[in-house]
Amino acid sequence: MTQTVSRPGAGAQQVPLPLDVEAIRADFPILTRTVRDGKRLVYLDSGATSQKPRSVLDAERWFYENINAAPHRGAHQLAEEATAAYEEARAKIGAFLGAPENEIVFTRNTTEAINLVAYALSNAVTAKEPEFRTYAVGQGDEIVVTEMEHHADLLPWQQLCERTGATLRWLGLTDEGRLDLSDLDTVVNERTKLVAVTQQSNILGTINPLEEIVARAHAVGALVLVDGAQSVPHQPVDVTALGADFLVFSGHKMLGPTGVGVLWGRYEVLDKLPPFLTGGSMIEVVRMEASTFMPPPQRFEAGVPMTAQVIGLGAAVDYLQALGMDKVEEHEKVLTGYALAKLAEIPGVTVIGPPDTVARGGAISFTVEDIHPHDVGQVLDDLGIAVRVGHHCAWPVVRRYGVPATTRATFYVHTGYDDVDALADGIRQAQKFFGTV
Amino acid sequence: MQLESMYQEIILDHYKNPHGRGLRDPFDAEVHHVNPTCGDEVTLRVKLDGETVADVSYEGMGCSISQASVSAMYDLVVGKRVTEALETGEHFMTLMQAKGDPAVAEKLEDELEDAVAFAGVSKYPARIKCALMSWMALKDASARALSAHQTGGSN
Chain A
918 MTQTVSRPGA GAQQVPLPLD VEAIRADFPI LTRTVRDGKR LVYLDSGATS
968 QKPRSVLDAE RWFYENINAA PHRGAHQLAE EATAAYEEAR AKIGAFLGAP
1018 ENEIVFTRNT TEAINLVAYA LSNAVTAKEP EFRTYAVGQG DEIVVTEMEH
1068 HADLLPWQQL CERTGATLRW LGLTDEGRLD LSDLDTVVNE RTKLVAVTQQ
1118 SNILGTINPL EEIVARAHAV GALVLVDGAQ SVPHQPVDVT ALGADFLVFS
1168 GHKMLGPTGV GVLWGRYEVL DKLPPFLTGG SMIEVVRMEA STFMPPPQRF
1218 EAGVPMTAQV IGLGAAVDYL QALGMDKVEE HEKVLTGYAL AKLAEIPGVT
1268 VIGPPDTVAR GGAISFTVED IHPHDVGQVL DDLGIAVRVG HHCAWPVVRR
1318 YGVPATTRAT FYVHTGYDDV DALADGIRQA QKFFGTV
Chain B
40 MQLESMYQEI ILDHYKNPHG RGLRDPFDAE VHHVNPTCGD EVTLRVKLDG
90 ETVADVSYEG MGCSISQASV SAMYDLVVGK RVTEALETGE HFMTLMQAKG
140 DPAVAEKLED ELEDAVAFAG VSKYPARIKC ALMSWMALKD ASARALSAHQ
190 TGGSN
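In structure tokens, the structure reads:
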């Protein structure tokens, strides 16, 4: 962990970056294209989806050109090779998180992984197998989320509560963009069945103190689901150290393909959950009257899986591991400190979220006085700079901070000082264009 | 810079000095529309005088395009018959689907007056919804106002 902490007003200093940005950029074919009449693409929207290195694209093509077959079906050579490649990727992704392979369930994305757990908890209510009723949620039970959650980690729990009669409760936010844990012990109590919390906010950049939350949840016998969509791509995450029961994330935000996400679950918990989707390849015995299911992870992978995408995600993990997740984290931390200092130099710019790099990732949301975020984004786009504008699928957060929307810049392994400088210059140009300075 | 093609002077003028802004009484119908991708919002009221749009009043928050669009719409529809106002809305929709084709803008110049300046917006698919939000709200509010009239209710 770097000790670099930039405070607003401290001045933006360029220290050598931990990653070789030029070498990394050469691995991303899309970064060679230009946008908006020949401008260099300054991609600051990795938080929405990351760009893909050539090795990931090659892995998918290799699969289709050489071993394309449905895994876990058929006895021909292609089926065997496809199954082996699919399961090797599972083991690799497990190792990346310090987890055994039978705790890795492939889903479509983070959203589906969270829905899988939420539906399993309500399917448990009517499950005929007694062990599948272990985690059933019903009236009198409580589900806890935070005001910082992405809609994907809020709506599935709202809906679970509507289906089951359980009550949704949440931890609020402080003015500094952190979780308000002052009422943790009352919000998380003996009625709590599950706590769902993000590790890194997609809008504020805040990194949450999970240890304290996990400890409290487990003390009252509640499960903990960690939304890792914005943390797993950007910092080392080890499920043993995390101590949670579930971790969910998306492949496409960590240099991998779209259409593949991961649910990691503690095996003894997964083993007691009924299925979410049912159908082919998740069954043991099927009769016309009733059927039995495979153990995890197959129980949760109905239908022919997204094989090429899983193999692509395996290649993305290889790429990240070759860089080193410690270095990825440090790289973004240095850039974040630099960007916060650069933005602090611009009058009228307000960062929504922690003002320094302590327990903070590289998602930087900001407002520009008297210019709507859409208009800021439009000027930046005209300059070739891709950012996200709007409420970032975290509407309660923008409401909490009294703004209609924000502009958000997010960083990744190919981001350099030139990208951050382009952002700062672009904001000044927007101010000039709209005549606010 | 391509920006000037979207942010015409007329648009920026409407944005900085909106016409008809504020919610007014009396009104026959009030609607609240949002653009869920970005959180822009408009509350819009319609007051009819027989078949004529007597007043359109509104409050909202959003980008320059959405705010300028409602202001330009106010100028265009107040005093018109409801059917004419909705027809103008159809013309505006046609303009938004033109993908920046100057021929379409030229043809609609008489019908759309200041609002023809939004032609540049149609080149940016992500912004079309911003320009259309107030027109959708007007269509909705007019329909409600008409049906309120038919059932004899009024605010």
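Those protein sequence lines, which keep their order, are chains A and B.
Take the first sequence: its position 183, counted from the start at 1, is 1100 in our numbering, and no numbers get skipped.
Take the second sequence: its position 71, counted from the start at 1, is 110 in our numbering, and no numbers get skipped.
Ideal Cβ positions, reconstructed from N, Cα and C, are used throughout, including at glycine.
What's the C-alpha gap between GLN1356 of chain A and GLU1046 of chain A?
-> Nothing can be reported for residue 1356 of chain A: it is not among the residues displayed for chain A, which extend from 918 to 1354.
Anything in the region 95-112 of chain B with a Cβ closer than 9 Å to a Cβ of chain A? List those residues in chain order, please.
-> Interface annotation for the region 95-112 of chain B against chain A: MET100, GLY101, CYS102, SER103, ILE104, SER105 and GLN106, criterion Cβ-Cβ distance under 9 Å.
Residues that THR76 of chain B contacts on chain A, provided the C-beta gap is smaller than 8 Å = Here residue 76 of chain B is taken as the residue at index 37 of the second sequence, counted from 1. Neighbours of THR76 of chain B on chain A, chain order: GLY1307.
Using the DSSP secondary-structure output, state which residues sit across from HIS72 of chain B in a beta bridge.
-> Taking the second sequence and counting its residues from 1, the one referred to as residue 72 of chain B is at position 33. BP columns for HIS72 of chain B point to B:VAL81.
In three-state DSSP terms, what is LYS1259 of chain A?
-> Residue numbering aside, residue 1259 of chain A sits at position 342 when the first sequence is read from its first letter. DSSP, reduced to helix, strand and coil, places LYS1259 of chain A within a helical segment of the structure shown.
Using a Cβ cut-off of 8 Å (strictly closer), state whether HIS1068 of chain A contacts chain B.
-> Start at 1 with the first residue of the first sequence, and residue 1068 of chain A comes out as number 151. At least 8 Å separates the CB of HIS1068 of chain A from every CB of chain B.
What is the DSSP secondary structure of GLN1076 of chain A, counted as helix, strand or coil?
-> On the first sequence, position 159 is the one that residue 1076 of chain A refers to. Helix at GLN1076 of chain A.
With burial defined as no fewer than 16 other Cβ atoms inside 10 Å of the residue's Cβ, what is the status of PRO988 of chain A: buried or exposed?
-> Taking the first residue of the first sequence as position 1, residue 988 of chain A is located at position 71. Burial check for PRO988 of chain A: the Cβ neighbour count within 10 Å reaches 16 or more, so the residue is buried.
Own chain partners of THR966 of chain A with C-beta closer than 8 Å, once the 5 adjacent residues on each side are dropped | The sequence position of residue 966 of chain A within the first sequence is 49, counting from 1. Setting aside the 5 residues that flank it on each side, THR966 of chain A is surrounded in the same chain by HIS1169, LYS1170 and THR1175, each with a C-beta closer than 8 Å to its C-beta; the list follows chain order.
Hey, would you say VAL1304 of chain A sits closer than 8 Å to ALA1326 of chain A, going by beta carbons?
-> Here residue 1304 of chain A is taken as the residue at index 387 of the first sequence, counted from 1. Here residue 1326 of chain A is taken as the residue at index 409 of the first sequence, counted from 1. For VAL1304 of chain A and ALA1326 of chain A, yes; Cβs fall inside 8 Å.
Are the region 146-162 of chain B and the region 113-120 of chain B in contact at 8 Å, needing three or more beta carbon pairs?
-> Contact between the region 146-162 of chain B and the region 113-120 of chain B is present: 3 or more CB-CB pairs across the two stretches fall below 8 Å.
In its own chain, which residues sit with a C-beta less than 6 Å from the C-beta of ASN1032 of chain A, not counting the 5 before and 5 after it?
-> Residue mapping note: residue 1032 of chain A aligns to position 115 of the first sequence, counting from 1. Cβ within range, chain order: PRO1073.
Excluding five sequence neighbours on each side, which residues of the same chain lie with their C-beta closer than 7 Å to the C-beta of THR1157 of chain A?
-> Counting from 1 along the first sequence, the entry for residue 1157 of chain A is found at position 240. Taken in chain order, the residues that qualify are GLY1015.
Okay, do the region 1212-1224 of chain A and the region 1238-1251 of chain A touch, 3+ Cβ pairs below 8 Å being the bar?
-> Cβ pair count under 8 Å is below three, so no.
List, in order along the chain, the chain A residues whose C-beta lies closer than 8 Å to that of LEU185 of chain B?
-> Sequence index remark: in the second sequence, residue 185 of chain B carries index 146 (1-based). Under the 8 Å cutoff, chain A gives no residues; its nearest Cβ is about 31 Å from LEU185 of chain B.
Cβ pair PRO1222 of chain A, LEU1121 of chain A closer than 8 Å | Looking up residue 1222 of chain A in the first sequence gives position 305. Looking up residue 1121 of chain A in the first sequence gives position 204. For PRO1222 of chain A and LEU1121 of chain A, no; Cβs fall outside 8 Å.
Which residues, in chain order, does the region 940-964 of chain A contribute to contact with chain B at a C-beta distance below 9 Å?
-> Residues of the region 940-964 of chain A whose Cβ lies closer than 9 Å to any Cβ of chain B, in chain order: ARG953 and ASP954.
Under a three-way DSSP split, which group does ARG120 of chain B fall into?
-> Within the second sequence, residue 120 of chain B is the residue found at index 81, counting from 1. Strand at ARG120 of chain B.
Taking 8 Å as the CB-CB cut-off, is MET45 of chain B touching chain A?
-> Residue numbering aside, residue 45 of chain B sits at position 6 when the second sequence is read from its first letter. With 8 Å as the cut-off, MET45 of chain B counts as an interface residue toward chain A.
Chain A within 8 Å of GLN189 of chain B, Cβ atoms only | Here residue 189 of chain B is taken as the residue at index 150 of the second sequence, counted from 1. No - not a single Cβ of chain A is within 8 Å of the one on GLN189 of chain B.
Leaving out five residues before and five after ALA93 of chain B in sequence, what residues of the same chain have Cβ atoms less than 7 Å from its Cβ?
-> One-based indexing of the second sequence puts residue 93 of chain B at position 54. Correct list, in chain order: LYS86 and LEU87.
Neighbouring residues, chain B, relative to ASP1342 of chain A (Cβ below 8 Å) = Within the first sequence, residue 1342 of chain A is the residue found at index 425, counting from 1. In chain order: nothing, as chain B lies at least about 14 Å away.
Relative to the C-alpha of VAL1104 of chain A, which residue among A:LEU1164, A:GLU1064, A:ARG1080 and A:THR1081 is closest?
-> Walking along the first sequence from the start, residue 1104 of chain A turns up at place 187. If we check each option's Cα against that of VAL1104 of chain A, A:GLU1064 comes out closest.
Unbroken stretches of the alpha helix (DSSP H), 4 residues or longer, contained in the region 1264-1318 of chain A | Runs of the alpha helix (DSSP H) inside the region 1264-1318 of chain A: 1290-1299 and 1312-1317.
Out of curiosity, what's the CA-to-CA distance linking LEU1230 of chain A and PHE980 of chain A?
-> Indexing the first sequence from 1 puts residue 1230 of chain A at position 313. Indexing the first sequence from 1 puts residue 980 of chain A at position 63. Taking C-alpha positions only, LEU1230 of chain A is separated from PHE980 of chain A by approximately 12 Å.
Hey, is GLN1295 of chain A's beta-carbon within less than 8 Å of any beta-carbon in chain B?
-> The residue labelled residue 1295 of chain A in the question sits at position 378 within the first sequence. Between GLN1295 of chain A and chain B, the shortest Cβ-Cβ separation is below 8 Å.
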